[in-house]
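*Asks:* Reading the sequence shown from the start, the letters are residues 2 to 422 in the working numbering. Where is the CB? At the ideal position from N, CA and C, for every residue including glycine. Below is one structure. I have some questions about it.
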Amino acid sequence: MSDRPHADLLIENADRVVTLAGNGPVANAGWDDLGIIEHGSVAIAGETITAVGRAAAVREAVTVTGESCVIDARGRMVTPGFVDPHTHFLFAGNRAEEYGMRVEGVPYQKIREQGGGIRSTVRAFREATDDELADAGRARLSMMLRAGTTTVEGKSGYGLSMADEIRALRIIRKLGEEMPLSIVPTFLGAHDIPPEFDGDRAGYIDLLVHKMIPEASGLAVFCDVFCEQGYFDREESKRILLAGRDHGMIPKLHAEEFVPMGGGELAAEVGAVSADHLLVITDEGVAAMAKGGVIGVLLPGTTIGLASGRWADIEKFRRGGLPVALATDCNPGSSYTVSQAAVMSLACSLLKMTVPEAWAGVTRNAAAAIGLQERVGTLETGKNADCLVFSENHPAAVPYRFGQNLVDFVVRDGNLLPSFD
Ligand code: NIG
Ligand code: FE
Numbered sequence: 002m003s004d005r006p007h008a009d010l011l012i013e014n015a016d017r018v019v020t021l022a023g024n025g026p027v028a029n030a031g032w033d034d035l036g037i038i039e040h041g042s043v044a045i046a047g048e049t050i051t052a053v054g055r056a057a058a059v060r061e062a063v064t065v066t067g068e069s070c071v072i073d074a075r076g077r078m079v080t081p082g083f084v085d086p087h088t089h090f091l092f093a094g095n096r097a098e099e100y101g102m103r104v105e106g107v108p109y110q111k112i113r114e115q116g117g118g119i120r121s122t123v124r125a126f127r128e129a130t131d132d133e134l135a136d137a138g139r140a141r142l143s144m145m146l147r148a149g150t151t152t153v154e155g156k157s158g159y160g161l162s163m164a165d166e167i168r169a170l171r172i173i174r175k176l177g178e179e180m181p182l183s184i185v186p187t188f189l190g191a192h193d194i195p196p197e198f199d200g201d202r203a204g205y206i207d208l209l210v211h212k213m214i215p216e217a218s219g220l221a222v223f224c225d226v227f228c229e230q231g232y233f234d235r236e237e238s239k240r241i242l243l244a245g246r247d248h249g250m251i252p253k254l255h256a257e258e259f260v261p262m263g264g265g266e267l268a269a270e271v272g273a274v275s276a277d278h279l280l281v282i283t284d285e286g287v288a289a290m291a292k293g294g295v296i297g298v299l300l301p302g303t304t305i306g307l308a309s310g311r312w313a314d315i316e317k318f319r320r321g322g323l324p325v326a327l328a329t330d331c332n333p334g335s336s337y338t339v340s341q342a343a344v345m346s347l348a349c350s351l352l353k354m355t356v357p358e359a360w361a362g363v364t365r366n367a368a369a370a371i372g373l374q375e376r377v378g379t380l381e382t383g384k385n386a387d388c389l390v391f392s393e394n395h396p397a398a399v400p401y402r403f404g405q406n407l408v409d410f411v412v413r414d415g416n417l418l419p420s421f422d
């Protein structure tokens, strides 16, 4: 008997295997950081990658039997599964009419004053049954998976009451058990002040800190805050994030999207894993994040959803040596997309991120933005067998062929998901 591990699944002879191999997140990623292996293979045993390398070397490193499933990836490219580190995928209804208004020039903030915005989705969420919410979430997750996302972060934040926020987290967790992709739940009770607390924001923050956070902490990994003018200011955000941390939830922030509030500095101060949006962050904020090991998450889908013509300045992050991740921000208000490939197109063509920066952003750095860099985001021996087989063979083809799903096969935890066509 050979002591070489049995390959349950062998994806072989790919024109390129894009491994992204390396420790932790990477700033200013270049082509070398993609860790490309030409004419390469990936062998999987159980849920884990057991060998990655040149095709001949992988054949020698593993045992292939009649039981092995072998995919011929000639002419194709193999990459890590996409990690989407910022989404609000669990919601009811949609706000298509608000998008129509924004395209005609009505700003996001103005729509909120007219009764739209987050609060309109809160109304829809509260009226929806558990089954309706789960069905809507499941449909979006299926689309994400088809588009190549194998790990996704998902936030509460459209319930904004004790019962509805806990309901959101429970449904998110249930979908994670049921669906073939990994879901990391985040508590975002501080997404907005609910209408019943109009005129009593202190009352809602007390409820968050004393009641909701202790309850949510058993269900969520991260605690997030919408730190923004008109939502939660810096002091309020700090109080909420520290309360979350005291209960074992790791801080994460929506920061520096519209008005600079020192959100980068706050993220570093509270030990956040990431600060997300960052359109108006200062060089000082970036420096604080880099020093504190906080990942910057950019959400260029919001440029589309908000029809704003504004996006983050990638040069600031390059100058500051800050690792940057990319996410869909999938939500009914500012960015209703499920596709990390679409986000890469926006990142490259609007933000002028390089192709390697965009790839690091949706894999290796995205994993670090949700604390999972040891398990996912790269193709390396011992990591979770989450990988994608693309019909194209060059990493630039994914952002270049915008709006098209080029994923032929998705493998998650070693399981080959049913072919999509
Ligand atoms: O990340 N900024 C706060 N949350 C979302 C928008 C949510 C909504 O409009 O429903 C975001 O952009
Ligand atoms: Fe968001």
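1. On a Cα-Cα basis, can you pick out the residue from 168, 133, 337, 33 that is closest to residue 23?
2. Say whether chain B places a C-beta atom closer than 8 Å to the C-beta of residue 46.
3. Does the beta-carbon distance from residue 351 to residue 103 come in below 8 Å?
4. Starting from residue 213, trace the beta strand (DSSP E) both ways and give me its first and last residue.
5. Quick one: residues with CB closer than 6 Å to any heavy atom of the ligand FE, in chain order, please.
6. Could you tell me which whole beta strand (DSSP E) segments of length 3 or greater appear in the segment 194 to 258?
7. Among all the DSSP beta bridges, which residues are the ones paired with residue 20?
8. Using only CA atoms, which one of 281, 235, 288, 253 lies nearest to residue 28?
9. Tell me the rounded alpha-carbon separation between residue 387 and residue 82.
10. Which residues in the same chain have their Cβ closer than 6 Å to the Cβ of residue 122, if we skip the five residues on either side of it in sequence?
11. Taking 8 Å as the cut-off, does the segment 237 to 256 touch the segment 264 to 280 (at least 3 CB pairs, one atom from each stretch)?
12. For residue 336 and residue 232, I'd like the C-alpha separation in whole angstroms.
13. Return the CA-CA distance between residue 358 and residue 161, expressed in angstroms with no decimal places.
14. Should residue 156 go down as buried or exposed, given a rule of 16 or more other Cβ atoms within 10 Å for buried?
15. Which of the three DSSP states, helix, strand or coil, is assigned to residue 280?
16. Quick one: grab the DSSP three-state call for residue 354.
17. Do residue 176 and residue 147 come within 8 Å of each other at the CB atom, strictly closer than that value?
18. Kindly indicate the opening and closing residues of the alpha helix (DSSP H) around residue 318.
*Replies:* Once the coordinates are examined:
1. 33
2. Judged by its chain identifiers, the structure shown contains no chain B, having just a single protein chain.
3. For residue 351 and residue 103, no; Cβs fall outside 8 Å.
4. Neither: residue 213 is in no beta strand (DSSP E) and is coded neither H nor E.
5. 87, 89, 255, 330, 332
6. List check, beta strand (DSSP E) in window: 223 to 228, 251 to 256.
7. Answer is none; residue 20 lacks a bridge partner.
8. Taking each of 281, 235, 288, 253 in turn and checking the Cα distance to residue 28, the smallest one comes out for 288.
9. Between the alpha carbons of residue 387 and residue 82 lies a gap of roughly 5 Å.
10. For residue 122, same chain residues with a beta-carbon under 6 Å away, outside a window of 5 residues either side, are 92, 159, 333 in chain order.
11. yes
12. 18 Å
13. Spanning the two alpha carbons is a distance of roughly 36 Å.
14. When all chains shown are included, residue 156 counts as buried.
15. Residue 280: coil per DSSP, three-state reduction.
16. coil
17. The Cβ atoms of residue 147 and residue 176 lie no closer than 8 Å to each other.
18. 315 to 321
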